[in-house]
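Count the sequence shown with my numbering and you get residues 820 to 1118, in order. Even glycine gets a Cβ: it sits at the ideal position worked out from N, Cα and C. Note that the structure is predicted; figures quoted are calculated from it, not measured.
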Amino acid sequence: LSLVGEQWELDVGAQQYAPLRQAQGGDFTMDPGLVDYIQQVGQRLAAVSDRDLPYEFSVINESVPNAWALPGGKISINRGLLTEMNSEAELAAVLGHEIVHSAASHGAQSQSRGMLLQGAVLAGGIAAGAATEDERYAQVALLGGMVGAQLVSQRYSRDAERESDLYGMRYMKRAGYNPSGAVELQETFLRISEGREQDAFSALFASHPPSRERLENNRELLSELGDSGRVGREEYQQQIARLKRAQPAYEAYDEGRKALQEGDTETALEKARRAIDIEPAEALFYTLRGDALAERNDF
């Protein structure tokens, strides 16, 4: 079911991509080489997808492990998820999964169901196609406030998750990756979701709930596709080495942010100093120091 056309997907993706990245922490810029690497892996998978879209891949500077896709092929992965994975094949599994969400119009289908449930009067006009580009963008803007956060945090249906797992692994195989990365990833997520470590993953698991059924499906498909192809464990570890070294700094930053929210500017400044000492090239840490000083009216 889709009440919207491809142009709506492209417009929503183009308009919402930058604001949503900024709202969730902004782009990760400390290690441009790592960002380039993520984008290269993403484009390698996008090249073998079943739908030609203007795919883009970005890394968000946020500790919460998560990844999401907007309509039109706009995909983001959080810094916090990169440090939870062990190989390029696992990264390919995440990005391939998100590519399928865009390629299969899962977000657009979800919004279509929402329009029907809410009785949205805009649906007919968007489905028919606006007469001019300005009218199209006006319609997207009207819906923007409703769809933006929903498209990032929505819980996909079981069928949508199955489809993304299935074709995501096929894309991995087509692109030369070992689809076992998708199995290893699901094993990790399932273990975390069944244990006591899941708080940090609540955003990811809310929109992409792991399950034993998904894991078994992936194992079955692996036996069909074959356990061969690029894993890229050493290269991946090399690429995220700086990020892992900076992990204590990001932990201090997160603790400082929490302290600042509670009004403890002294602890916030101490955590900011610690973070900057460890990784002075991360602009995020200076914003914490600035916000803490501003809270004290120390300009």
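Sufficient close CB pairs (3 or more, under 8 Å) joining the region 974-982 to the region 992-1008: Judged by Cβ distances under 8 Å, the region 974-982 makes no contact with the region 992-1008, as fewer than three pairs qualify.
Using CA coordinates, which residue listed in Val919, Gln1057 and Asn880 is at the minimum distance from Tyr874? The sequence position of residue 874 within the sequence shown is 55, counting from 1. Ranking the options by Cα distance to Tyr874, first place goes to Val919.
Does the pairing of the region 1059-1075 with the region 1097-1112 give three or more beta-carbon distances under 8 Å? The region 1059-1075, when compared against the region 1097-1112, does touch it at the 8 Å Cβ threshold.
Nearest-angstrom Cα separation, counted from Ala888 out to Ala866: Locating residue 866 in the sequence shown gives position 47, where the first residue counts as 1. Locating residue 888 in the sequence shown gives position 69, where the first residue counts as 1. Their Cα atoms are separated by approximately 17 Å.
Would you kindly report the start and end of the unbroken alpha helix (DSSP H) that includes Leu1044? As a position in the sequence shown, residue 1044 is number 225, starting the count at 1. Unbroken alpha helix (DSSP H) run through Leu1044: Arg1031 to Leu1044.
In the DSSP assignment, find the unbroken beta strand (DSSP E) run with Val878 in it and report its ends. Within the sequence shown, residue 878 is the residue found at index 59, counting from 1. Glu875 to Ile879 is the extent of the beta strand (DSSP E) around Val878.
Identify whether Arg1049 lies in helix, strand or coil by the three-state DSSP scheme. Walking along the sequence shown from the start, residue 1049 turns up at place 230. Strand, per DSSP.
Tell me which same chain residues have a C-beta within less than 6 Å of the C-beta of Gly915, skipping the five on either side of it? The residue given as residue 915 occupies position 96 in the sequence shown. Closer than 6 Å at the Cβ level, and outside the excluded window around Gly915, lie Leu864, Gly987, Tyr990 and Met991.
Just grab the DSSP bridge partners of Lys893 for me. Sequence index remark: in the sequence shown, residue 893 carries index 74 (1-based). Answer is Glu875 and Leu889.
Taking the alpha carbon of Ser895 as the point to measure from, which residue in Ala1001, Asp1018, Ile879 and Leu853 has its own alpha carbon closest? For the purposes of this step, residue 895 is identified with residue 76 of the sequence shown, where counting begins at 1. Closest option to Ser895, Cα to Cα, is Ile879.
Cβ distance (whole Å) where Gly1045 is taken to contact Ser906 below 8 Å: Taking the sequence shown and counting its residues from 1, one reaches residue 1045 at position 226. Taking the sequence shown and counting its residues from 1, one reaches residue 906 at position 87. That belief does not hold up - the Cβ atoms of Gly1045 and Ser906 are roughly 17 Å apart, past 8 Å.
Alpha helix (DSSP H) segment containing Phe1104, residue limits: For the purposes of this step, residue 1104 is taken as the residue at position 285 of the sequence shown. First-last of the alpha helix (DSSP H) with Phe1104: Ala1102 to Glu1114.
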